[in-house]
Every structure is written in structure tokens, then in C-alpha cells.
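Here the sequence shown stands for residues 575 to 951, where the numbers follow the numbering used here. Just below is one structure, and these are the notes that go with it.
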Amino acid sequence: MKSAIITTKLENPSEIKIDISNIDRAYSDICSVFKSREAAAEIARLEELAAQPDFWANRENSTQTLKSLNQLRPRLALFNEIASLCENVHLTFELIQTENDASLTSDLIEAMQKTAQKLSEFEISLLLDEKYDSNSAIISIHPGAGGTESQDWAQMLMRMYTRWMEEHKFKYSIIDQLPGEEAGIKSVTILVNGLYAYGYLKGEKGVHRLVRISPFDANHRRHTSFASVDVLPQIEESEEVAIEEKDLKIDTFRSSGAGGQHVNVTDSAVRITHLPTGTIVQCQNERSQFSNKATAMKILQSKLAELAARKRQDEIDKLNGMKREIAWGSQIRSYTFHPYNLIKDHRTSYETGNVAPVMDGYIDDFVKSYLHFIKSS
575 MKSAIITTKL ENPSEIKIDI SNIDRAYSDI CSVFKSREAA AEIARLEELA
625 AQPDFWANRE NSTQTLKSLN QLRPRLALFN EIASLCENVH LTFELIQTEN
675 DASLTSDLIE AMQKTAQKLS EFEISLLLDE KYDSNSAIIS IHPGAGGTES
725 QDWAQMLMRM YTRWMEEHKF KYSIIDQLPG EEAGIKSVTI LVNGLYAYGY
775 LKGEKGVHRL VRISPFDANH RRHTSFASVD VLPQIEESEE VAIEEKDLKI
825 DTFRSSGAGG QHVNVTDSAV RITHLPTGTI VQCQNERSQF SNKATAMKIL
875 QSKLAELAAR KRQDEIDKLN GMKREIAWGS QIRSYTFHPY NLIKDHRTSY
925 ETGNVAPVMD GYIDDFVKSY LHFIKSS
């Protein structure tokens, strides 16, 4: 299914009709895939289950019921909003034709652009059906070798992602951040709360490469920088991996700000080491040591779940005699700012020369192309 695309400035009636036809075609496509009446009936059934007095008798089943409700309700609401927007587009266009009122053109432009955006959102939501897609996400960014240059690139990526989160109304909190000595960051971990946060961001995992004229080089030479992005689903309580207390080493320390300054006079920051795997997580964003420990444990749960999933996949590949084509941490995307402007995803081959909106957080086309890519694979 392809999204509706607004191709004109809407100054020509015949071109307007083409764009409305694109919207109608996209709406027809989602209607053929998403059965709104069936979804409404399923929501009613699940709500009736949730209202039963013994609903929490089986915690695992009740958790899954609520998870299904939290997925279906916003999807049906978005579908109904699109239906209303499509109707509004047609009514406005008819008014322009019958009343010969050109002043309504700006209203039509706004309605069509909003409808196309919502259709694109719905299309992406239909692609998010893997196990952890609906979960919140934990995203970590680490610069590669190269000192200040790579650390600045890591901060640029952090800004790109937080702008995207804000645009899509995802709540996020910076769990741990280590500033660079001159500029940029040495590392950052961000918890992204919201439905499908992991599904949207999972394709960002990998190495991101930047080519530009360095602002830190007095000779204005071209530099190549790398930063790795890791994305994990936040594991829900019912899916948690069993962790024994004896397998943990817990250290406390003072939260640090830029230049190594202590921003808290108490040892509120927490570092947890999982001894059997050597996995280390830390959190220092809260003033409370208890809160930081709870958040660090959530991140540890996600990391251990990923390790277990990776081990299972490796065993399956070994049994099937397969070698995975893409190694963990392989380069996924190049951002070239000199001698030309181009951002290219090496997995999907999707590319754009319009780099400014991408760096301002508009990564939706990259997200969508990746989701289509893994579906077709």
C-alpha cells in the first residue's frame, strides 16, 4: 500500500483532482486491510472482559487483554479520524467548485496535507505487528573514534531523535548522559514512552556515518565521523527475564554534569553490573537512588531479553546453516553534507537530498521504507 502524496501546490483544479484521487486510493487501501467494524466489536469484547470481577485472577491474560485494547483503540480512532478528514476534503473541494470561492483553497490545502499525513501514520501502524513493536523503547547513542568530531555527531543524532519524539508526541526522559569534553556527548541513553515507540525506532539500530567539512578543523577539511545507535524494547513486567540478586553488582555514585561537575551532593546515581553476562547499565537522571535503581533494572531487563533473543536466533541460524547478512552494529546509513547533500539508507536504498528536515527530526520516510523492507524480506 502506498501513501497518498500531495504532488502540487493546488493551484490547478485538474491537479487537485489527481491529489484527491491519490488520497481516495490510499483510503481505499487501508479500508481493504483494516476492518473497522470488526475492530470495534473486538474492542467491545475486550472491554467486557476487563469489566469482569475476576479479571485480574490471571495476571498474564489480563495484561495481554489490556495490551490489545491499548493497540486497537488508538488504531480505530485514527481510522475514524481519516474517514472524517477524507469527507472534509471532498466537501471543501465541492464548495470551491459550486460557490466558486477561491478563499477556501487554503482550507483545502491544509485538509489534504493533514489527511495525507494521517494516512501515512496509519500505513506505518499496519506494519508494526512484531512481538515488541507496541512497547516503549530505550535508545542509546555512542560516538565512534574521532574525539570531538564524533561526539558532536552523536549529539546531532540525539537532537534528531528527540525532535522526532516531540513531533510524534512521545514522552521521553534522558536516563544517562555523559557530555563531551569540548562539544557533543560521549554517550546518552533515552527512555521513549509511548505505544509503538520501539516499532518506529527499531530500524535506527546500527552505525550512522557522517561526511562533512568539520567546524572544529581550522583548515576546513572534510571529515568522516561515526556513531552507533542501539534500540531496545522496554520489556513489560509480564515478560521480564528472571534475575537473581546474587548475579548483580550494584554501585552508587554522584551524578555528573558537563566537565565532570557533580550535580548532586548525594550518591543517587546507580550502576548495575550483571555478573554472568558482563552487562552494565546505569541511571542518574533522578534525585532518588531508589528511582534510578528501578529505571536501571528496567534497562537491564531489556538488554538481557535482547541477549536471549540474539542467542536463540544464532542457534536457529546455525541449525539452518545460515549466516546472517547484516552483522550487529553494521553501518546502516550515510549522511553526506559535502561535497553534496545526500542521506542514504544502505539497507533499503531510500535516499533524500533534503538533509535539513531529516536532521530536524523528519525521519518518517526512512522509518517507513525500513518497515516495508523487512516485510518484503
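Beta carbons are placed, not taken as given, at the ideal position from N, Cα and C, and that holds for glycine. Since we're looking at a predicted model, the values are computed, not measured.
In angstroms with no decimal places, state the Cα-to-Cα distance between residue i and residue j.
{"i": "S943", "j": "Y924", "result": "7 Å"}
{"i": "D934", "j": "E740", "result": "11 Å"}
{"i": "G927", "j": "L945", "result": "21 Å"}
{"i": "A801", "j": "Q729", "result": "9 Å"}
{"i": "I604", "j": "Q856", "result": "43 Å"}
{"i": "Q905", "j": "H782", "result": "6 Å"}
{"i": "V762", "j": "L731", "result": "11 Å"}
{"i": "G758", "j": "I764", "result": "16 Å"}
{"i": "A657", "j": "Q808", "result": "33 Å"}
{"i": "D888", "j": "P627", "result": "44 Å"}
{"i": "T689", "j": "F608", "result": "17 Å"}
{"i": "V785", "j": "H912", "result": "6 Å"}
{"i": "Y936", "j": "V929", "result": "9 Å"}
Using DSSP with H/G/I as helix, E/B as strand and the rest coil, what is residue i?
{"i": "M896", "result": "Here the model assigns M896 a pLDDT of 42, short of 50, so the residue's position is not dependable, and the following value carries that caveat. Three-state DSSP puts M896 in coil, outside helix and strand."}
{"i": "E684", "result": "helix"}
{"i": "E860", "result": "coil"}
{"i": "F827", "result": "strand"}
{"i": "I809", "result": "coil"}
{"i": "Q751", "result": "strand"}
{"i": "P850", "result": "coil"}
{"i": "I712", "result": "strand"}
{"i": "N644", "result": "helix"}
{"i": "S799", "result": "strand"}
{"i": "L784", "result": "strand"}
{"i": "Q905", "result": "strand"}
{"i": "Y746", "result": "strand"}
{"i": "T922", "result": "coil"}
{"i": "N928", "result": "coil"}
{"i": "I917", "result": "strand"}
{"i": "S577", "result": "A caution first: S577 carries a pLDDT of 46, below 50, which makes its placement in the model unreliable, though a value can still be read off. S577 falls in the coil class under three-state DSSP."}
{"i": "N767", "result": "strand"}
With a threshold of 8 Å on Cβ separation, who are the neighbours of residue i within its own chain once the five nearest residues in sequence on each side are excluded?
{"i": "K949", "result": "L701"}
{"i": "D841", "result": "T826, F827, R828 and Q863"}
{"i": "G834", "result": "Since pLDDT at G834 reaches only 49, below the 50 mark, its modelled position is unreliable, and the value read off the structure follows with that caveat. There are no such residues."}
State yes or no: is the C-beta of residue i within less than 7 Å of the C-beta of residue j?
{"i": "L752", "j": "K760", "result": "yes"}
{"i": "N767", "j": "K745", "result": "yes"}
{"i": "N711", "j": "Y772", "result": "Reading the sequence as shown, one finds Ala at residue 711 and not Asn. Going by C-beta atoms, A711 is nearer than 7 Å to Y772."}
{"i": "V815", "j": "A879", "result": "yes"}
Can you give me the Cβ contacts of residue i inside the same chain, cut-off strictly under 7 Å, excluding the 5 residues immediately before and after it?
{"i": "K779", "result": "V803, D804 and V805"}
Compare the Cα-Cα distances from residue i to each of the options and report the closest residue.
{"i": "D703", "options": "R649, D726 and A728", "result": "R649"}
{"i": "Y706", "options": "E810, H782, I713 and N866", "result": "E810"}
{"i": "A624", "options": "R611, V607 and L643", "result": "L643"}
{"i": "Q858", "options": "M871, L669, H848 and L849", "result": "M871"}
{"i": "T722", "options": "T869, H797 and D628", "result": "H797"}
{"i": "I715", "options": "A690, D750, S699 and H742", "result": "D750"}
Give me, in chain order, the residues of the same chain whose beta-carbon lies closer than 6 Å to that of residue i; leave out the 5 immediate sequence neighbours on both sides.
{"i": "G720", "result": "S799"}
{"i": "R861", "result": "S842"}
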